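If you read the sequences in order, they're chains A and B.
Position 198, counted from 1, in the first sequence is what the numbering used here calls 198; the numbers after and before it change by one each time, with no gaps.
Plus 340 on top of the position in the second sequence (first one is 1) and you've got the numbering used here.
For every residue, glycine included, the Cβ atom is placed at its ideal position computed from N, Cα and C.
These figures come from a predicted structure and were not determined experimentally.
Here is the structure we will look at, set down as structure tokens.
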Amino acid sequence: MNLLDIRNLSIELISDDKNIRAVDKVSLSMKEGEVRGLVGESGSGKSLLAQALVGVLNDKWHVHADRFHWRGIDLLRLSIEERKAVLSRDIAMIFQEPMACLDPTTSIGEQLIEAIDSSQLSGFFWQKHQQRQLAAIRLLHKVGIKDHKTCLKSYPHQLTEAFCQRVMIAMALARRPILLIADEPTAAMEITNEGQIFRLLASLNQLKNMAILLISHDIENITSWTNTITVMYSGQFVEAGTTSQIFSNPLHPYTRALVDSSPSANLHLPAKSRLKALPGSIPILQHLPIGCRLGPRCPRAHRACVVAPSVTNFHGHEVSCHFPLTSLKKPRSKAIKEVC
Amino acid sequence: MSELLEIKDLCKSYKHKNYWFNKKITTVLSPISFSVEAHQTLAIIGDTGSGKSTLAKILVGAEQASGGCIYLNGQALQNTSTSFKQRCQHIRMIFQDSGTTLNPSLTILQLLDEPLKLNTSFNEKKRIELIRTTLQKVGLLGDHMNFYPHMLSGGQKQRISLARAIILEPKVIILDEALASLDPSLRSQMINLLLDLQQQMGLAYILISHNLGIIRHFSDNIIVLSEGEIVESGVTREVMSKPKHKVTQKLLRNQGFQLNTKKA
């Protein structure tokens, strides 16, 4: 059974004259214990999608979906309180810039203890303080911080960024979530620290069978850590499939461009030659093109592209394009014939 | 002398003044020497605290070196005011985050006019003409000069900071993590632009970056810094394929690990 199953989720920004559709019909599904990467440039609505998942968007944003299931429960039918109870029990989220997310005036220990809910504790009230301390220390050990004494006492500014991110992960783990949403966990981090954080997430995924939704703007960074990848562009669904499908056989021109633009992916190119790049940049929300939003930048744009393409599925490799790239075209038409 | 920029025995250390009896001295850069030629790119890599940003700051003149010499075209650069002016004409820097390095209350015209006013004796008409051609050089329109920074996207802002760097026709540009915060497709555009400008204007780049993929593609020579010392240097391709020092091997492994699993 799918852990998370979302079909055609749209998020609209409500304004006076016209509603702006920031996220347009995005589908996302996750299995238990899966690591899924969500890739898109800045401004592609991936953080917005994550925030809608955990329900922290304010009233200005209007979220609606055809299907929004969490472990078989239809979240759209629940009242807000019930939904909150379900989501806060099972989903945890870590944000980018861990330094900014931690309270600078409180010590790490207090913040961590705050995150531990009392339903996990047993015994009389005088034992609970001790238990909370122990639980906090255990959490720190889980995320690989050995020196718990100094860490609990110190304030966020005294720790390095990677340590702060570890503390954030420890807080997220406090309620033993089934799904962890990591919104650019390693943005603006050194390479060595980046590796540490990804390795920690991977080990958590394997030891606790925790599903992880890994959000990043750089496809190159996360490919070695993910099972499946979803690509978004300007709020639209672009392509989804297993990591190898996306990386070795991209069907959408945008995915192709993303893969091509990472310098380590095209090692065969001679040094100092020109890299392939799409012209222009991502459109701003006020001036979104109609139909496929990649249209003005797409090298393969046709007349049909003014209508938003529907999603076609090929052996679990979903793509949303009228004219997908090469090789799979023939088998796809064959598959359609077989169905017919 | 063929070298454009030559650095000899440059070092930097800080003194802690509050210890009266045992004065402490922290060495950030122990004497290092290297040289850069025109049309070439030198990459500097290293861990946090290895002194690469300090080196960049000293080269551009934001900090003073404790010892050693910098030669530009065979001429030594001193820290006198005339030499400082000459230095900031020939060595320019692009910073990591273009969004915060542009003054939000000035238009692009005013932003690009500032270095011209301070360093040249052009009249207003000529300055505006120069700004227009520079904007076209970096792939923007001349009309962009009336915009404010917030009206431009991230990639365009980065182009503006590049325009500000090349407007005085420098010889050396220092890129301190200038490509790190850009989106992948914009980053490719930027790399292409930088390579084009290097060919047209004969610029030398000093590239400080974490991304070894970019370094491999972009640079001719490489320096590996560790705790203020050059532990390895040479032609990029050779160093990357056969790293000798432990630090280099570790840095490569951190990214090479990803590359290997990708192929599997």
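Task: Residue-level contact to chain A via CB, B/K603, 7 Å cutoff - done: Here residue 603 of chain B refers to the residue found at position 263 of the second sequence. Summary for B/K603: the model assigns pLDDT 38, below 50, so the residue's position carries little reliability; its value from the coordinates is reported in the next sentence. With 7 Å as the cut-off, B/K603 does not count as an interface residue toward chain A.
Open item on the list: Taking CB distances under 7 Å as the criterion, tell me whether B/P524 reaches chain A.
Closed with: Numbered from its first residue, the second sequence carries residue 524 of chain B at position 184. Answer yes: the Cβ-Cβ gap between B/P524 and chain A drops below 7 Å somewhere.
TODO: Would you mind telling me which residues of chain B sit closer than 8 Å to A/K276, beta carbon to beta carbon, in chain order?
DONE: Within the first sequence, the letter at position 276 stands for residue 276 of chain A. Listed along chain B, the residues sitting closer than 8 Å to A/K276 by beta-carbon distance are S528.
- [ ] Return the CA-CA distance between A/R21 and A/Q236, expressed in angstroms with no decimal places.
- [x] Looking up residue 21 of chain A in the first sequence gives position 21. Looking up residue 236 of chain A in the first sequence gives position 236. Distance between the alpha carbons of A/R21 and A/Q236: 10 Å.
Task: Residues near A/I178 by beta carbon distance below 6 Å, same chain, minus five either side - done: Your numbering for residue 178 of chain A matches position 178 in the first sequence. D90, listed in sequence order.
Open item on the list: Please classify A/A211 as buried or exposed, where buried requires at least 16 other C-beta atoms within 10 Å of its C-beta.
Closed with: Taking the first sequence and counting its residues from 1, the one referred to as residue 211 of chain A is at position 211. Classification for A/A211: buried.
- [ ] Report the option in A/I14, A/L57, A/E34 and A/D66 whose CA atom is closest to the CA atom of A/I80.
- [x] Sequence index remark: in the first sequence, residue 80 of chain A carries index 80 (1-based). That would be A/L57, whose Cα lies nearest to the Cα of A/I80.
Open item on the list: Tell me whether the stretch 389-401 of chain B and the stretch 513-521 of chain B touch, counting them as touching only if at least three CB pairs, one residue from each stretch, are closer than 8 Å.
Closed with: Enough Cβ pairs lie closer than 8 Å, so yes.
Open item on the list: Distance check for A/L180 and A/S119, CA to CA, integer angstroms please.
Closed with: What you label residue 119 of chain A is simply residue 119 of the first sequence in a count that begins at 1. What you label residue 180 of chain A is simply residue 180 of the first sequence in a count that begins at 1. Those two C-alpha atoms are separated by around 20 Å.
Open item on the list: Less than 7 Å between CB atoms is the rule here; does A/T226 satisfy it with respect to chain B?
Closed with: Along the first sequence, read from residue 1 onward, the residue named residue 226 of chain A stands at position 226. No, A/T226 does not count as interfacial toward chain B.
- [ ] Go through its chain and collect everything with a Cβ distance to B/V368's Cβ below 6 Å, but skip five positions before and after it.
- [x] Stepping through the second sequence from its first residue, residue 368 of chain B is reached at position 28. Here the set comprises K352, G391, T394 and G568.
Task: Residues in the stretch 175-196 of chain A having any Cβ partner in chain B nearer than 9 Å - done: Within the stretch 175-196 of chain A, those residues whose Cβ lies closer than 9 Å to any Cβ of chain B are, in chain order, A187, A188, E190, I191, T192, N193, E194 and G195.
Open item on the list: Run through chain B and tell me which residues come within less than 7 Å of A/S262, C-beta to C-beta.
Closed with: The residue you call residue 262 of chain A lines up with position 262 of the first sequence. By Cβ distance, chain B contributes P524 and G553.
Task: Between the CA atoms of A/C298 and A/R7 - distance to the nearest angstrom - done: As a first step, residue 7 of chain A must be located in the first sequence, where it is residue number 7. As a first step, residue 298 of chain A must be located in the first sequence, where it is residue number 298. In this structure, the straight-line span from the alpha carbon of A/R7 to that of A/C298 is close to 26 Å.
TODO: Quick one: list the residues of chain B neighbouring A/E41, beta-carbon separation under 9 Å, in chain order.
DONE: In the first sequence, counting from the first residue as 1, residue 41 of chain A sits at position 41. Within chain B, the residues placing a beta-carbon under 9 Å from that of A/E41 are D523, P524, S525 and L526, ordered along the chain.
TODO: With DSSP collapsed to three states, give me the class of B/A383.
DONE: Here residue 383 of chain B refers to the residue found at position 43 when the second sequence is read from its first residue. Of the three classes helix, strand and coil, the one that applies to B/A383 here is strand, per DSSP.
- [ ] Report the three-state DSSP secondary structure of B/Q436 (helix, strand or coil).
- [x] Within the second sequence, numbered from 1, the residue matching residue 436 of chain B stands at position 96. The answer is coil: DSSP assigns B/Q436 none of H, G, I, E or B.
- [ ] Measure the C-alpha to C-alpha separation of A/L28 and A/V238 and round it to an integer number of angstroms.
- [x] Looking up residue 28 of chain A in the first sequence gives position 28. Looking up residue 238 of chain A in the first sequence gives position 238. Looking at the two C-alpha atoms, the distance is approximately 11 Å.
Open item on the list: Going by C-alpha to C-alpha distance, which of A/K142, A/L275 and A/I137 sits closest to B/R527?
Closed with: Position 187 of the second sequence, counted from the first residue, corresponds to residue 527 of chain B. Of A/K142, A/L275 and A/I137, the residue nearest in Cα terms is A/L275.
Open item on the list: Using only the alpha-carbon positions, how far apart do A/L159 and A/R303 sit?
Closed with: Within the first sequence, residue 159 of chain A is the residue found at index 159, counting from 1. Within the first sequence, residue 303 of chain A is the residue found at index 303, counting from 1. CA-CA distance, A/L159 to A/R303, rounds to 55 Å.
Open item on the list: Going by DSSP, what residue range makes up the beta strand (DSSP E) through A/F314?
Closed with: On the first sequence, residue 314 of chain A is found 314 positions in, with the first residue counted as 1. Counting along the chain, the beta strand (DSSP E) containing A/F314 begins and ends at T312 to F314.
TODO: Check A/L200 in the structure and name its three-state DSSP category.
DONE: Here residue 200 of chain A is taken as the residue at index 200 of the first sequence, counted from 1. In the structure shown, A/L200 sits in a helix (DSSP, three-state: H, G or I).
Task: Span of the beta strand (DSSP E), counted from its first residue to its last, around A/A182 - done: Numbered from 1 along the first sequence, position 182 holds the residue referred to as residue 182 of chain A. Start and end: L179 to D183.
Open item on the list: According to DSSP, is A/L55 part of a helix, a strand, or is it coil?
Closed with: Translated into the one-based positions of the first sequence, residue 55 of chain A becomes position 55. Reading off the sequence shown, one finds Gly at residue 55 of chain A, where the question assumed Leu. Assignment of A/G55 by DSSP, reduced to helix, strand and coil, places it in the coil class.
TODO: Can you pull the chain B residues whose beta carbon is under 7 Å from the beta carbon of A/H217, in chain order?
DONE: Reading the first sequence from its first residue, position 217 is the one you call residue 217 of chain A. Under the 7 Å cutoff, chain B gives D523.
Task: C-beta contact flag for A/K272 and B/L535 at 7 Å - done: Translated into positions along the first sequence, residue 272 of chain A becomes position 272. Translated into positions along the second sequence, residue 535 of chain B becomes position 195. Yes; because the gap between Cβ atoms is below 7 Å, this pair is in contact.
- [ ] Express the C-alpha separation of B/L552 and B/Y545 in angstroms, rounding to a whole number.
- [x] For the purposes of this step, residue 545 of chain B is taken as the residue at position 205 of the second sequence. For the purposes of this step, residue 552 of chain B is taken as the residue at position 212 of the second sequence. Taking C-alpha positions only, B/Y545 is separated from B/L552 by approximately 16 Å.
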